[in-house]
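A.B. asks: According to the working numbering, the sequence shown is numbered sequentially starting from 491.
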Amino acid sequence: MDQALAAIDALEAGRRVDPLNLHPALQRLFSLDVQGFLINTLALDPLHLIAGYKKPILIVQGLRDLQVSTLDAQRLSQAAPHSTLILLPDTNHVLKYVAADDRTANLATYSDPLQPLAPGIIDVMTYFYFGVYRQALKVLRSLSRSHPPLFLIALSATCATV
Numbered sequence: 491m492d493q494a495l496a497a498i499d500a501l502e503a504g505r506r507v508d509p510l511n512l513h514p515a516l517q518r519l520f521s522l523d524v525q526g527f528l529i530n531t532l533a534l535d536p537l538h539l540i541a542g543y544k545k546p547i548l549i550v551q552g553l554r555d556l557q558v559s560t561l562d563a564q565r566l567s568q569a570a571p572h573s574t575l576i577l578l579p580d581t582n583h584v585l586k587y588v589a590a591d592d593r594t595a596n597l598a599t600y601s602d603p604l605q606p607l608a609p610g611i612i613d614v615m616t617y618f619y620f621g622v623y624r625q626a627l628k629v630l631r632s633l634s635r636s637h638p639p640l641f642l643i644a645l646s647a648t649c650a651t652v
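Take a look at the structure:
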């Protein structure tokens with residue numbers, strides 16, 4: 491973990507790292523191919539970005555997330571008052587169910603495709619999506635008064651696949 495944090499610190503400072511000097515498990519994460527992307531991404535301020543985004547936002551935070559704290563999720567939500575913040579118990583960073591504070595078990599779920607998503611995550615996303623979809627349909631219906639019906643159908647199909 492110390493090597494990963496040191497690599498992130500270097501990338502945040504705009505410096506590349508030699509992946510061959512890292513533990514083999516970290517070499518793919520910090521390969522030379524992705525370091526430019528990581529440097530650019532780490533330079534962004536999520537609070538500033540989310541504050542400027544005016545469309546519906548769903549923030550889902552697992553209460554057993556090892557990477558992003560609940561406080562970080564709350565700060566994001568405060569920066570975008572129009573957002574919806576959902577805190578899910580026994581849920582980790584990759585939205586998988588984790589019953590205890592066992593770090594090793596938590597991390598093992600990251601690469602286990604058979605591990606189910608945490609209870610409630612599909613419902614939360616579905617309800618949010620269809621709430622947004624209903625709002626979009628209201629706008630589309632108001633637009634359809636001045637546009638041919640085909641416009642409404644095309645936009646409805648687009649909203650349904652987003």
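Cβ coordinates follow ideal geometry from the N, Cα and C atoms, glycine included. Please read these numbers as outputs of a predicted model, since none were measured by experiment.
(1) Among the residues of its own chain, which have a CB less than 6 angstroms from the CB of isoleucine 576, if the five just before and after it don't count?
(2) Rounded to whole angstroms, what is the Cα-Cα separation between arginine 593 and proline 606?
(3) Can you tell me where the beta strand (DSSP E) with glutamine 551 in it begins and where it stops?
(4) So does the segment 551 to 564 actually touch the segment 575 to 591, counting three or more Cβ pairs closer than 8 angstroms?
(5) Could you pull the DSSP bridge partners for threonine 574 from this structure?
(6) Can you give me the Cβ contacts of proline 536 inside the same chain, cut-off strictly under 7 angstroms, excluding the 5 residues immediately before and after it?
(7) Under 7 angstroms, do phenylalanine 520 and alanine 503 count as touching if we go by C-beta distance?
(8) Evaluate tyrosine 543 with the Cβ neighbour count: other Cβ atoms within 10 Å of its Cβ, from every protein chain shown; 16 or more gives buried, anything less gives exposed.
C.D. replies: With the given structure in hand:
(1) Val550 and Val614
(2) 18 angstroms
(3) 548 to 552
(4) yes
(5) Leu548
(6) Leu566
(7) no
(8) exposed
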